[in-house]
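Student: Chains A and B, in that order, are what the protein sequence lines are. When you line the first sequence up against the numbering used here, it's residues 1279 to 1620, in that order. When you line the second sequence up against the numbering used here, it's residues 594 to 1399, in that order. Note that beta-carbon positions come from the ideal geometry of N, C-alpha and C, so glycine has one too. Nothing here was measured: the structure is a model prediction, and the numbers come from that model. First the structure, then my questions, so here it is.
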Amino acid sequence: MSDVAAIERDAAAAAAAASSLDELRTAQAAVLGKRGSLTQLNSTLGRLAPEERKKAGAALYEARARLAALFDDRAAALAASEREVRLEAERLDLTEVLPGPLQGSLSLVTQTRDALEDTFVGMGFSVAEGPEVESDWHNFEALNIPPAHPARSNFDTLYLDWGEPESTLLRTHTSPVQIRLMLAQPPPIYAVMPGRVYRKDTPDARHTPSFSQIEGLVVDHGITFGDLAGTIDTFTQAYFGPDIHARLRPAYFPFTEPSAEYEITCSICRGAGCRTCSGTGWVELGGCGMVHPNVFRAVGVDPEEWTGFAFGFGIDRLAQMRYEIADMRVLLDNDLRFVTQF
Amino acid sequence: MRVPLSWLREFAPFSLPARELGEVFDDLGMVVESITEVGAGLGDVVVGRVVSIEPIAGADKIRKVMVDAGRADPVQVVCGAWNFSVGESVPFVPVGAVLPGDFEIGRRKMKGVVSEGMLCSARELALGEDAGGLMVLASDVAPPGTPLVEALGIEHDVVYDLAIEANRPDANCVLGVARDAAARLGLPVSAPAAGWGGAAGDARFAVEVSSPELCDRFTATVFEGVEVGPSPEWVARRLTLAGMRPISNVVDASNYVMLELGQPTHAYDLDRLPVPALRVRAARPGEQLTTLDDVVRTLGGSDCLICDGLDEAIGIGGIMGGASSEVFSGTTRVALEAAHFVPMAIARTSKRIGLRSEASARFERGVDVLGIERSVDRFASLLALTCPGLTQRGGTVDWQAPGVGAAAPIRVRVDRVNAVLGTRLGAPAMAGLLEPIGFGVTSVDGVLDVTAPSFRPDVTAEIDVVEEVARHHGYSNIARTTVRPAQVGALTPYQGTRRVVRGVLCGAGLSEAAGGPLVSPGDHERSGLPESEIVASDPLVREESVLRSSLRPGLLRAVAFNQDRRNPDLGLFEIGKTWRPPHPSADVPDSRAAVAPGRGLPDEREVLAVVLAGAGPDGRGADASAAVRVLRRLAAALHVSGFDLAAAPAPGLHPTRTAEVAFGEHVIGLVGEIDPDVAGAWGIDGRVGWLEVELPPFVAHAAADERARPLSRFPSSDLDLAFAVADDTPAAAVEATLRAAGGPLLEWIRLFDVYRGPGVASGSRSLAFRLRFVSLDHTLSDAELAGVRGACIEAVERAHPATLRA
Chain A
1279 MSDVAAIERD AAAAAAAASS LDELRTAQAA VLGKRGSLTQ LNSTLGRLAP
1329 EERKKAGAAL YEARARLAAL FDDRAAALAA SEREVRLEAE RLDLTEVLPG
1379 PLQGSLSLVT QTRDALEDTF VGMGFSVAEG PEVESDWHNF EALNIPPAHP
1429 ARSNFDTLYL DWGEPESTLL RTHTSPVQIR LMLAQPPPIY AVMPGRVYRK
1479 DTPDARHTPS FSQIEGLVVD HGITFGDLAG TIDTFTQAYF GPDIHARLRP
1529 AYFPFTEPSA EYEITCSICR GAGCRTCSGT GWVELGGCGM VHPNVFRAVG
1579 VDPEEWTGFA FGFGIDRLAQ MRYEIADMRV LLDNDLRFVT QF
Chain B
594 MRVPLSWLRE FAPFSLPARE LGEVFDDLGM VVESITEVGA GLGDVVVGRV
644 VSIEPIAGAD KIRKVMVDAG RADPVQVVCG AWNFSVGESV PFVPVGAVLP
694 GDFEIGRRKM KGVVSEGMLC SARELALGED AGGLMVLASD VAPPGTPLVE
744 ALGIEHDVVY DLAIEANRPD ANCVLGVARD AAARLGLPVS APAAGWGGAA
794 GDARFAVEVS SPELCDRFTA TVFEGVEVGP SPEWVARRLT LAGMRPISNV
844 VDASNYVMLE LGQPTHAYDL DRLPVPALRV RAARPGEQLT TLDDVVRTLG
894 GSDCLICDGL DEAIGIGGIM GGASSEVFSG TTRVALEAAH FVPMAIARTS
944 KRIGLRSEAS ARFERGVDVL GIERSVDRFA SLLALTCPGL TQRGGTVDWQ
994 APGVGAAAPI RVRVDRVNAV LGTRLGAPAM AGLLEPIGFG VTSVDGVLDV
1044 TAPSFRPDVT AEIDVVEEVA RHHGYSNIAR TTVRPAQVGA LTPYQGTRRV
1094 VRGVLCGAGL SEAAGGPLVS PGDHERSGLP ESEIVASDPL VREESVLRSS
1144 LRPGLLRAVA FNQDRRNPDL GLFEIGKTWR PPHPSADVPD SRAAVAPGRG
1194 LPDEREVLAV VLAGAGPDGR GADASAAVRV LRRLAAALHV SGFDLAAAPA
1244 PGLHPTRTAE VAFGEHVIGL VGEIDPDVAG AWGIDGRVGW LEVELPPFVA
1294 HAAADERARP LSRFPSSDLD LAFAVADDTP AAAVEATLRA AGGPLLEWIR
1344 LFDVYRGPGV ASGSRSLAFR LRFVSLDHTL SDAELAGVRG ACIEAVERAH
1394 PATLRA
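As structure tokens, this is what we get:
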């Protein structure tokens, strides 16, 4: 049976020499396949004596098992090295990836407006909107600002050539939405009105002729000035943080009485006093007050039965404070270098 | 309004530190804009006399000035001011001194000349507003070297700059501010010294008022023995601190009274009036007058004129006098006008002719109609300080409209006050807040009868009194309470969807733009659109004067702006309002919203517009296809389906690359490309993708059926069908045919390849669709698939000029 040893030796050498799984499979078939050299030795067993046959058969079987294991091991090794070569060829520098589509940016004013809306929605308010081109009646008269009222000169109104002279205008505040809301639904009303407003104003670092503001209106039984002050303070802490407070000081607006200027703790110095707040620790945010009885009368709400408050402040101005925007005019340019920062 | 503390202290003994007193003003609604310390930090400033002025070689803005500052030798200073000459006295600060505002004077060398100090303006010394040149002193003020504070008798003072609200006419004077603050602090208030007892004589002066609707009280008082000259130093100084320039004793006395008591007055040179009389009447249409500021004013019927006895106009009542009867250095007799003009009339005239004066500002807010006597008396006592021979000729001639100054009591319910404020104040507490600021209060059974003082014409209704109670009670002393709405706060569905729209577009790489509603004339035309019919009636600038009918001008401008800044590859979107005249059949609004009989506001719509340029936001281009992809992405995100894209030309858009976005007959938008000529007109390179849809109707087509679709447990089968289709047959039409032919087994259909070239006849292209079929209850058999395949092919070939490609 020296043939078996020779075949086994040659086969082991062929397996070791195989450089790929294909070569290995060919070598394996040449020994262990149907017509393989070792398989063919089976046919010689018949010529042996029974005792010899048994011995030779066992030797053949053992050789076959050894070679099969050897080929399996060799196959595993080749597979591993082939995988290694293949994957190595796929090596990728993950820092050389080209940029794909970028995420766009929402305008800073929209982001600020959304955050304000969410805060008020959380406080139980709904959000109301209205037209930006308004009638004089909605923008002024119904708000206790009759024609020739001196307060009109504060608004720098942009009138349009539409209808009677000075009958149609770009709204100077979102207050006409309050009027529309009260005309459309009976109290109770808890709503905020965000939106764009317009003034005939030369743009400078702090003012742009068109800007956004948000107003709030509450009309219900038993609403008081104390409710106004409390609501303003609740909002201030919810939006700006627990250490930012609100204070009210007397002011004049035709559509509210008593009226107040709404100031908050300076967010730069946290009330200690700095340049931004002129050393006072407070910065002015907006105006507020109890809805004037004449406004209620204009929209058919009985001021004896219902009381209410309103407040308003500039959204752009808030964004300017929060993001420390040196010049507000950048909000008008739609400059991608600015828009995509936020 | 600028109010010196020393002046306030004439009326009440304020002793709080300056800043704390400022907080009291703030808390009362007299907002402190600034607090300026005057006369502080001037210890090193001395009087300097100019000895010589020489030019400096190579310098045309500065000169070398030798100054006698009281030392042995003149001091050399380099100075950039030109308003002084040799021999004059000016403030001098030596090197090492520190001026107000922590400004330290250093030794400087300019153009080779060393400056040993500085000559100062009034602003630099915080003694006034004038920064236009040096503060030139009277030449005999004091010998050189005298400390300036000594030479000018400057005392330390504090000046508050207060912003006074429109409903506080009483606070437009020193006395009013003092009264309000004293009431808060519980201090007594003393009236100004009165009682100038000028000699009386014959009153030979006539006053006639023919327009009581413009002027409801008019008085004239004649003074003789007037010597026009400078005011006493303290009067001039107070006027300066309050922001007014001293002019002469007569004018200064008038201004002083206005600042102190709030009553504007006007002094006429009696000898420059043709007869001793003044008339008050409405202007005739087109009547002209040259005012003191040398401007010819044209007036009309609602403007109030002051005329001389011959009916010649000599001033605009309550606003500004004319030059013809002005007091001058030779004036010896004066007629002093102290009147009350109707606030609305003054406001109207002042606005119309664009002229606002210290007087008109006060009259339009409301002046104390009963304060005239006191003001005339104060004027006389001030003028008498510099005119020892001053006499009053006769009494004051006083014309009053019937009922002037009569104030009806206001009924104020104690419960109502508390209901509005959320307080629990009793009637005595309210009276205690109102009486110190001049209100008369009587209380009966929970109702206060409140009489507003004549200096509070703004207080006419119960709510006005509520505000005064709140103000003096202190806003910060009103307990804060919270409201608890019964409703649940929420955005409307549309508001929520609009946020989704923004998010989807940002996710597609587009950034949000925002444009103004007013654009430049020609912007629409440049965008290929008809010019908007609606324009601003009196715009500030022409560039913002036309109301936009489309978001296109603003977005194209934004693209050009960014391309100019080397950001050519972009996508922008805007959600904004556009306007157009309403359709003639639009509903006529109710009378309140009407802007003319039967006419409503312009038709205002919220529109979404998208513009793509350069390589687009995703690098895949910015053509019409890219715009359609944005539309499809948005529609998919919102579950909006069922709209058609029908090729149709539109103004300003690419004639062969534009489609209408329509739900049936209802066109709500356009998608495609900007006409290359339009892009060129805006200076934009390359293709510019465009999408505009009216947002509310678009999102209204979001699928109403939210039910989940069941998934099949059985395998699906795909069918790929490519047709050669004539170019003028829309792919969407073929797809619709396939969808119909696919029947209920069709799960979805997608166009996955478009090919033009060899193998496809010219004039047509290959459209390859993949159709996925599935059944909920069985695996599709080959026969079923063959059947549906045949039906699809047959339907397309029958309905369109199309043939299946082998």
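How far does the beta strand (DSSP E) with Lys704/B in it extend, from its first residue to its last?
Tutor: No beta strand (DSSP E) holds Lys704/B; DSSP gives it neither H nor E.
Student: For chain A, find out if any of its Cβ atoms is closer than 9 Å to the Cβ of Thr1075/B; answer yes or no.
Tutor: So, interface residue.
Student: Whole angstroms are fine: how far does the CA of Gly1311/A sit from the CA of Met1279/A?
Tutor: Interpretation of Met1279/A is limited by its pLDDT of 48, a score under 50 that renders its predicted location unreliable; the figure taken from the coordinates is listed afterwards. Met1279/A and Gly1311/A: Cα-Cα distance of roughly 20 Å.
Student: Apart from the five residues on each side of it in sequence, which residues of its chain come closer than 7 Å, Cβ to Cβ, to Glu1124/B?
Tutor: Taken in chain order, the residues that qualify are His1117 and Glu1118.
Student: Name the one or two DSSP bridge partners that Phe1589/A has.
Tutor: Looking at the DSSP assignment, Phe1589/A forms a beta bridge with Gly1494/A and Cys1566/A.
Student: Could you give the C-beta distance for Thr1074/B and Gly1508/A, rounded to a whole number, given that I count them as a contact under 8 Å?
Tutor: Sure, about 5 Å apart at Cβ, within 8 Å.
Student: Kindly list the residues whose CB is nearer than 6 Å to the CB of Leu882/B, restricted to its own chain and excluding five residues on each side of it in sequence; keep chain order.
Tutor: Within the same chain, Leu882/B has close Cβ partners Arg890, Ala906 and Gly915.
Student: Please identify, using Cβ separations under 9 Å, the residues of the segment 1397-1425 of chain A that lie next to chain B, in order along the chain.
Tutor: Within the segment 1397-1425 of chain A, the residues whose Cβ lies closer than 9 Å to some Cβ of chain B are Phe1398, Val1399, Gly1400, Met1401, Gly1402, Phe1403, Ser1404, Val1405, Ala1406, Glu1407, Pro1409, Glu1410, Val1411, Glu1412, Ser1413, Asp1414, Trp1415, His1416, Glu1419 and Ala1420, listed in chain order.
Student: Ile1457/A by DSSP, collapsed to three states: which one?
Tutor: Residue state, collapsed to three classes: helix.
Student: Given that Tyr1068/B touches chain A, what residues does it touch there, using C-beta distances under 9 Å?
Tutor: Neighbours of Tyr1068/B on chain A, chain order: Phe1503, Ala1507, Arg1525, Leu1526, Arg1527, Pro1528, Pro1536 and Ala1538.
Student: If you draw a straight line from the alpha carbon of Thr1618/A to that of Asp1157/B, how long is it in whole angstroms?
Tutor: Those two C-alpha atoms are separated by around 17 Å.
Student: For the beta strand (DSSP E) holding His1400/B, just list the boundary residues, first then last.
Tutor: As displayed, chain B neither begins before 594 nor continues past 1399, which places residue 1400/B out of reach and without an answer.
Student: Could you tell me if Pro648/B is buried or exposed, where buried requires 16 or more neighbouring beta carbons within 10 angstroms of its beta carbon?
Tutor: With fewer than 16 other Cβ atoms within 10 Å, it is exposed.
Student: Which residue from Pro1308/B, Trp992/B, Gly1350/B and Asp886/B puts its Cα closest to that of Arg872/B?
Tutor: Ranking the options by Cα distance to Arg872/B, first place goes to Trp992/B.
Student: Less than 9 Å between CB atoms is the rule here; does Ile1479/B satisfy it with respect to chain A?
Tutor: One cannot answer for residue 1479/B here, as it falls past the ends of chain B, which runs 594 to 1399.
Student: Taking its Cβ as the centre, do 16 or more other Cβ atoms sit within 10 Å of Glu1258/B, making it buried, or is it exposed?
Tutor: That one is exposed.
Student: Please name the residue in Leu768/B, Ile698/B, Ala994/B and Arg1382/B whose C-alpha comes closest to that of Ser599/B.
Tutor: Taking only the C-alpha atoms, the option nearest Ser599/B is Leu768/B.
Student: Should the segment 1048-1061 of chain B be called in touch with the segment 1371-1386 of chain A, which here means at least 3 C-beta pairs below 8 Å?
Tutor: The segment 1048-1061 of chain B, when compared against the segment 1371-1386 of chain A, does not touch it at the 8 Å Cβ threshold.
Student: Report yes or no: do three or more beta-carbon pairs, one from the segment 1541-1558 of chain A and one from the segment 958-973 of chain B, lie closer than 8 Å?
Tutor: In short, these stretches do not touch, since the Cβ pair count stays below three.
Student: Would you report the Cα separation of Arg1325/A and Gly1335/A, rounded to the nearest angstrom?
Tutor: Each residue's Cα considered, the two are about 12 Å apart.
Student: What is the DSSP secondary structure of Gln1463/A, reduced to helix, strand or coil?
Tutor: Gln1463/A falls in the coil class under three-state DSSP.
Student: In terms of DSSP beta bridges, what is Ile1003/B paired with?
Tutor: BP columns for Ile1003/B point to Val1043/B.
Student: Tell me which residues share the same chain as Leu718/B and place their Cβ nearer than 8 Å to its Cβ, disregarding the 5 neighbours each side in the sequence.
Tutor: Only Leu635, Val638, Pro684, Leu692, Pro693, Met728 and Leu741 meet the Cβ criterion.
Student: With a threshold of 16 other CB atoms inside 10 Å of the CB of Pro857/B, please say whether the residue is buried or exposed.
Tutor: So Pro857/B ends up on the buried side.
Student: From the DSSP output, which residues share a beta bridge with Ser933/B?
Tutor: It should be pointed out that residue 933/B corresponds to His in this sequence rather than to Ser. DSSP, once it has assigned bridges, lists Arg810/B as partnering His933/B.
Student: Give me, in chain order, the residues of the same chain whose beta-carbon lies closer than 8 Å to that of Val969/B; leave out the 5 immediate sequence neighbours on both sides.
Tutor: Excluding positions up to five away in sequence, the list reads Thr812, Thr814, Thr858, Leu929, Ala931 and Thr989.
Student: Can you grab the Cα-Cα spacing for the pair Leu1331/B / Cys1385/B, in whole Å?
Tutor: Taking the straight line joining both Cα atoms gives about 6 Å.
Student: Please determine if the segment 1388-1406 of chain A and the segment 1432-1442 of chain A are in contact, where contact requires at least 3 C-beta pairs separated by less than 8 Å.
Tutor: Touching, no.
Student: Does any residue of chain B bring its CB to less than 9 Å from the CB of Glu1493/A?
Tutor: Answer no: the Cβ-Cβ gap between Glu1493/A and chain B never drops below 9 Å.
Student: Considering only residues of the same chain and omitting the five flanking positions on each side of Val706/B, which have a CB-CB separation below 6 Å?
Tutor: Within the same chain, Val706/B has close Cβ partners Ile649, Lys657 and Val671.
Student: For Gln1381/A, would you say it is in contact with chain C, using Cβ-to-Cβ distances shorter than 9 Å as the test?
Tutor: Although the question refers to chain C, the structure presented lacks it and instead comprises the protein chains A and B.
Student: Looking at the structure shown, is Gly1282/B part of a helix, part of a strand, or coil, going by DSSP?
Tutor: Three-state DSSP puts Gly1282/B in a strand.
Student: On the DSSP letters alone, give me the boundaries of the beta strand (DSSP E) that Arg1173/B sits inside.
Tutor: Residues Leu1163 to Arg1173.
Student: Would you check if the segment 830-842 of chain B and the segment 606-622 of chain B touch, i.e. whether three or more CB-CB distances between them fall below 8 Å?
Tutor: At 8 Å Cβ cutoff, the stretches do not touch.
Student: Just to confirm the assignment: which complete alpha helix (DSSP H) runs, minimum length 4, are found wholly within the segment 1274-1335 of chain B?
Tutor: Complete alpha helix (DSSP H) runs here, min 4: 1288-1293 and 1324-1335.
Student: Along the chain, where does the beta strand (DSSP E) containing Lys657/B start, and where does it finish?
Tutor: Arg656 to Asp661 is the span of the beta strand (DSSP E), which, as asked, contains Lys657/B.
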